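Read through the structure below, which is laid out as structure tokens, and then see the notes.
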Amino acid sequence: MVRSKGHIPIRTCISCGVKRNKNELIRLILDAKGIVRQDDFGKRHGSRGAYVCPNKFCWENLRKGKRLNRAFRENGPIEFHIDYSSV
47 MVRSKGHIPI
57 RTCISCGVKR
67 NKNELIRLIL
77 DAKGIVRQDD
87 FGKRHGSRGA
97 YVCPNKFCWE
107 NLRKGKRLNR
117 AFRENGPIEF
127 HIDYSSV
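Spelled out as structure tokens, the structure:
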């Protein structure tokens, strides 16, 4: 009998829409000051999260349109201070 490896959570990149394993994407959160940050601790912050692919195209594409506003359910401007040069 072959045992399954268990459930692998799937998430969707808010930039390109590609579905990937949760551990292949980078989780972003919106802090209390309205600034998008990379969530290095998982869900410990308790805020709404969004996922993005670890490639330059997706990070540059985040600034276009209302992708971040839609993901975080915000109407106003959202600040984005993440250095994605290492991606």
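If you use my numbering, the sequence shown corresponds to residues 47 to 133, in order. All residues carry an ideal CB built from backbone N, CA and C; glycine is no exception. Note that the coordinates shown come from a computational prediction; the quantities given were computed from them, not determined experimentally.
Kindly indicate the opening and closing residues of the alpha helix (DSSP H) around residue i.
i	result
Leu114	113–118
Asn107	102–107
Identify whether residue i lies in helix, strand or coil by the three-state DSSP scheme.
i	result
Asn69	helix
Val64	coil
From which residue to which residue does the beta strand (DSSP E) around residue i run?
i	result
Arg94	Neither: Arg94 is in no beta strand (DSSP E) and is coded neither H nor E.
Ile56	56–58
Leu81	Looking at the sequence itself, residue 81 is Ile, so the reference to Leu does not match. Segment 81–84, the beta strand (DSSP E) holding Ile81.
Within 8 Å, do at least three Cβ pairs link the segment 79–86 to the segment 54–63? no
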